[in-house]
Ligand SMILES: C[S@@+](CC[C@H](N)C(=O)[O-])C[C@H]1O[C@@H](n2cnc3c(N)ncnc32)[C@H](O)[C@@H]1O
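Numbering (our numbering), first residue to last: 99 to 420.
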């Protein structure tokens, strides 16, 4: 139905909406709409100083979403109460951040990617547009406290982690060689496995310990700081190994074979060209494990596209000592 609306260009939408809200002039019962490059913000009355027109605004059924405030749908990724954006234009990034925080979505923080993932610790730089880099993320019933300024974490791998964790049986001994804050380790312990997680990043190991306690599995999780190649006391130990360090896992296969027990399942993550995504990993595993182990590839899985012509893949491999 026709209601009075302040008409502005989308770039000025959020600022205008805030100014109107501060004066309690927003007609909350109606949706903000976009038409022909204009944003129409329903108001309760004629407002001095604005272009007010009669406009057919649909009545509001539910929440205010970021797109309502911006006049376009922003693309973002959610991690706990953080929204992650990737915007080169800082002004646009700030407008999106304001809209995300002001919407009815449970978003407290907005981070813009400021670098690629870097170095051994796989952490990136962030521009904090709102809030902070710290949050609690929930995934398949487990909770993970983390700080993106200090540790690696990708919510995009949730389904893949769940696929691996679903294979775990109570009583197993599982070793996560690059454990991070525990998104494999904690759910494996929740399924009843005894878990060891190692990580070079001391901050990640601290979060892993906190997350074990947060999820009530601290008795079944041992967190070890440092280079996994230096870990002692777990030779021939593991029924299951997780190796999620895709660019360089091959350099750790000798350690994996040392940690593997009599009959061990290895989840080996790799990033390779689409022409032969599994071959290099399989050859590297055979070179490290044969002839002491019989090597059987049980699953060849394309996890996701990583870059043009490059795939992030996983090999599930059964190692049986001969
Ligand atoms: C891609 S992240 C994976 C973290 C976690 N498994 C996940 O899925 O979120 C790789 C992790 O390996 C750790 N790392 C790198 N080199 C390592 C090494 N030599 N020994 C142990 N951990 C290492 C990094 O600090 C990082 O936390």
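Glycine included, each C-beta is placed from N, C-alpha and C at the ideal position. A quick note: this is a predicted structure, and the numbers were derived from the prediction, not measured.
Could you give the distance in angstroms between the alpha-carbon of residue i and the alpha-carbon of residue j?
| i | j | result |
| --- | --- | --- |
| residue 291 | residue 404 | 31 Å |
| residue 92 | residue 227 | Residue 92 is absent from the structure shown; the chain starts at 99 and stops at 420. |
| residue 239 | residue 207 | 22 Å |
| residue 189 | residue 196 | 11 Å |
| residue 145 | residue 151 | 10 Å |
| residue 414 | residue 364 | 6 Å |
| residue 380 | residue 395 | 8 Å |
| residue 135 | residue 117 | 21 Å |
| residue 281 | residue 302 | 11 Å |
| residue 217 | residue 334 | 30 Å |
| residue 330 | residue 323 | 12 Å |
| residue 272 | residue 245 | 25 Å |
| residue 285 | residue 264 | 9 Å |
| residue 210 | residue 258 | 25 Å |
| residue 367 | residue 252 | 14 Å |
| residue 248 | residue 215 | 12 Å |
| residue 250 | residue 219 | 7 Å |
| residue 241 | residue 289 | 14 Å |
| residue 177 | residue 231 | 10 Å |
| residue 338 | residue 283 | 11 Å |
| residue 315 | residue 350 | 27 Å |
| residue 225 | residue 187 | 12 Å |
| residue 161 | residue 121 | 20 Å |
| residue 317 | residue 293 | 10 Å |
| residue 321 | residue 278 | 10 Å |
| residue 276 | residue 202 | 37 Å |
Leaving out five residues before and five after residue i in sequence, what residues of the same chain have Cβ atoms less than 8 Å from its Cβ?
| i | result |
| --- | --- |
| residue 115 | 124, 130, 139, 167, 200 |
| residue 132 | 108, 138, 169, 170 |
| residue 112 | 167, 168, 193, 196, 197, 200 |
| residue 370 | 376, 377, 378, 379, 408, 409, 411 |
| residue 254 | 175, 402 |
Closest to residue i by C-alpha separation, out of the options, would be which residue?
| i | options | result |
| --- | --- | --- |
| residue 420 | 389, 400, 399 | 389 |
| residue 328 | 297, 348, 316 | 297 |
| residue 392 | 414, 371, 361, 382 | 361 |
| residue 401 | 285, 372, 178 | 372 |
| residue 356 | 370, 251, 141, 387 | 387 |
| residue 143 | 183, 246, 315, 101 | 101 |
| residue 353 | 382, 374, 225 | 382 |
| residue 374 | 257, 409, 320 | 409 |
| residue 424 | 103, 184, 119, 274 | No answer is possible for residue 424: the residues shown for the chain start at 99 and end at 420. |
| residue 256 | 270, 266, 237 | 237 |
Provide the residue span of the alpha helix (DSSP H) that contains residue i, from first to last.
| i | result |
| --- | --- |
| residue 254 | Looking at the DSSP string, residue 254 is not in any alpha helix (DSSP H), and its letter there is neither H nor E. |
| residue 357 | 351-357 |
| residue 378 | 377-387 |
| residue 100 | Unbroken run through residue 100 is the beta strand (DSSP E), 100-106; no alpha helix (DSSP H). |
| residue 303 | 300-312 |
| residue 115 | 111-120 |
| residue 199 | 188-200 |
| residue 164 | 164-168 |
Just confirm the distance between the C-beta atoms of residue i and residue j, as a whole number of angstroms; I'd bet it's less than 8 Å.
| i | j | result |
| --- | --- | --- |
| residue 181 | residue 163 | Contact flag wrong, Cβ pair sits at about 12 Å. |
| residue 340 | residue 221 | Not a contact, Cβ separation roughly 20 Å. |
| residue 158 | residue 128 | 6 Å |
| residue 154 | residue 99 | 6 Å |
CB-CB under 7 Å to residue i, same chain, minus the five flanking residues each way: which ones, in chain order?
| i | result |
| --- | --- |
| residue 243 | 234, 305, 308, 309, 312 |
| residue 223 | 212, 213 |
| residue 376 | 398, 411, 413 |
| residue 205 | 179, 181, 198, 199 |
What are the boundary residues of the beta strand (DSSP E) that residue i is part of?
| i | result |
| --- | --- |
| residue 131 | 131-133 |
| residue 175 | 175-177 |
| residue 217 | Segment: none, residue 217 is in no beta strand (DSSP E) and carries neither H nor E. |
| residue 237 | 232-237 |
| residue 408 | 408-419 |
| residue 341 | 336-341 |
For residue i, which residues in the same chain have their Cβ closer than 6 Å to its Cβ, ignoring the five residues on either side in sequence?
| i | result |
| --- | --- |
| residue 175 | 182 |
| residue 325 | 298 |
| residue 358 | 336, 417 |
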